[in-house]
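Residue numbers 1 to 143, in the UniProt record's numbering, belong to the letters of the sequence shown in order.
The beta carbon of each residue, even a glycine, is placed where N, CA and C say it ideally should be.
The structure presented is a predicted model; accordingly, all values stated were derived computationally and were not measured.
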Amino acid sequence: MKRKDKKSIGTGRSFLFINSNPVQQFIFIEAIAAIAPTTQLFLAEDAMEALDVMVEKGLIPDIIMIEFKMKRINALTFLREIKKICSLQNVPVIVHSRRPATRHIDELKALGAHGLYFKSYDYKGVCNVINIFVQERFSICLN
Numbered sequence: 001m002k003r004k005d006k007k008s009i010g011t012g013r014s015f016l017f018i019n020s021n022p023v024q025q026f027i028f029i030e031a032i033a034a035i036a037p038t039t040q041l042f043l044a045e046d047a048m049e050a051l052d053v054m055v056e057k058g059l060i061p062d063i064i065m066i067e068f069k070m071k072r073i074n075a076l077t078f079l080r081e082i083k084k085i086c087s088l089q090n091v092p093v094i095v096h097s098r099r100p101a102t103r104h105i106d107e108l109k110a111l112g113a114h115g116l117y118f119k120s121y122d123y124k125g126v127c128n129v130i131n132i133f134v135q136e137r138f139s140i141c142l143n
């Protein structure tokens, strides 16, 4: 897991971004730097790596954003797994997919996803999603 210390969402806040695409990682880093420059940002290549680090190192991010389709486990499995870990049960998770996974929306909600982002991955869209979560307006995302 990569750590981007100088990109630290308000005082003491942290964001975990789970995505293996380097272009999308770059867009996310740039968006965080613009929206919440004091955020402590962690990057993970896949959900298994993220789970391992959160459990073994005790990382409890304030917000997690994960790509829906991942290599080893997808966002649905990731959500199931973090619900088994007391310290991670209430961490807001945003799920991103380029294509609407409409058949999975109810299941994602039931598993505790706080937001779904079904758009092409661009700077402006990512800034909008981050802004919603930085301002803690979670209720407008899935309700």
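The alpha-carbon of lysine 57 is positioned some 19 Å away from that of threonine 39.
The secondary-structure analysis by DSSP pairs valine 95 across a beta bridge with Ile66 and Leu116.
Its chain contains Ile63 as the residues whose beta carbon lies nearer than 6 Å to that of phenylalanine 133, once the 5 sequence neighbours on both sides are disregarded; these appear in chain order.
Nearest to aspartate 46 by C-alpha distance, out of Glu30, Thr77 and Ala34, is Thr77. Straight through space, the alpha carbons of phenylalanine 15 and proline 61 are spaced by roughly 6 Å. By the criterion of a C-beta distance shorter than 6 Å, alanine 75 is surrounded in its chain by Ile66, Phe68 and Val95, once the five residues flanking it on both sides are discounted.
By the neighbour-count criterion, in which 16 or more other beta carbons inside 10 Å mark a residue as buried, tyrosine 123 falls on the exposed side. For glutamine 89, there is no enclosing beta strand (DSSP E), since its DSSP letter is neither H nor E. With fewer than 16 other CB atoms across the displayed protein chains lying within 10 angstroms of its CB, phenylalanine 26 is exposed. Within a 10 Å sphere around the beta-carbon of alanine 110 sit fewer than 16 other beta-carbons, which makes this residue exposed.
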